[in-house]
Amino acid sequence: MTTFDIIVLRKLILGIIDELPNGKSWRFLPKNYVFPNPQDPFTPPFPEKILVPHSADPLPTYFEFIGIKIGDVNDSAFPGG
Numbered sequence: 000m001t002t003f004d005i006i007v008l009r010k011l012i013l014g015i016i017d018e019l020p021n022g023k024s025w026r027f028l029p030k031n032y033v034f035p036n037p038q039d040p041f042t043p044p045f046p047e048k049i050l051v052p053h054s055a056d057p058l059p060t061y062f063e064f065i066g067i068k069i070g071d072v073n074d075s076a077f078p079g080g
């Protein structure tokens, strides 16, 4: 976490801003992804998409992702919909 991250989160907590910059409140990664360094999961950046070869036969019927909530400082997220 950087100094800028802390400043932005403080503004969010204090109600100065209503949402995080860049508009990403959720991030998704493939369920089977293994972090190379669990102590520093953001280095290198994790993949946020699954590539399906055009020659895939049969085509997969579903894909599994894990959702990560960003900036939920007051634990108000309701991931169940």
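Counting from 0, one number per residue, gives the positions in the sequence shown under numbering that gives the first Met the number 0. Yeah, the Cβ is synthetic: ideal placement off N, Cα and C, and Gly gets one too. Keep in mind the model is a prediction, meaning the values are calculated, not measured.
**OP:** Could you say which of Ile-49, Pro-59, Asn-73 lies nearest to Phe-27 if we only look at CA atoms?
**Re:** Along the sequence shown, one-based indexing puts residue 27 at 28. Looking only at Ile-49, Pro-59, Asn-73, the smallest Cα-Cα distance to Phe-27 is reached by Ile-49.
Subject >> Three CB pairs or more closer than 8 angstroms across the region 1–11 and the region 44–59 >> reply: Under the Cβ criterion (8 angstroms, minimum of three pairs), the region 1–11 does not count as touching the region 44–59.
Subject >> Beta-carbon gap between Ile-65 and Trp-25 smaller than 8 angstroms >> reply: Working through the sequence shown from its first residue, we reach residue 65 at position 66. Working through the sequence shown from its first residue, we reach residue 25 at position 26. At the C-beta level, Ile-65 and Trp-25 stay beyond 8 angstroms of one another.
**OP:** My understanding is that Lys-30 touches Glu-63, with C-beta atoms under 8 angstroms, so please give their C-beta distance in whole angstroms.
**Re:** The residue given as residue 30 occupies position 31 in the sequence shown. The residue given as residue 63 occupies position 64 in the sequence shown. Rounded, the Cβ-Cβ distance is 4 angstroms, consistent with contact.
Original post:
Anyone know if the C-beta pair for Phe-45 and Tyr-32 falls short of 8 angstroms?
Top reply: Here residue 45 is taken as the residue at index 46 of the sequence shown, counted from 1. Here residue 32 is taken as the residue at index 33 of the sequence shown, counted from 1. It is a contact, given that the beta carbons lie within the stated cut-off.
Original post:
Is Ile-15 helix, strand or coil by DSSP?
Top reply: In the sequence shown, the residue the question calls residue 15 occupies position 16. If DSSP states are grouped into helix, strand and coil, Ile-15 belongs with coil.
Subject >> C-alpha distance - Gly-70 paired with Asn-36, whole-angstrom precision >> reply: Here residue 70 refers to the residue found at position 71 of the sequence shown. Here residue 36 refers to the residue found at position 37 of the sequence shown. The straight-line gap from Cα to Cα measures roughly 22 angstroms.
**OP:** Sort Thr-2, Phe-3, Ile-12 by Cα distance to Ser-75 and report the nearest one.
**Re:** Against the sequence shown, residue 75 aligns to sequence position 76. The option with the nearest alpha carbon to Ser-75 is Ile-12.
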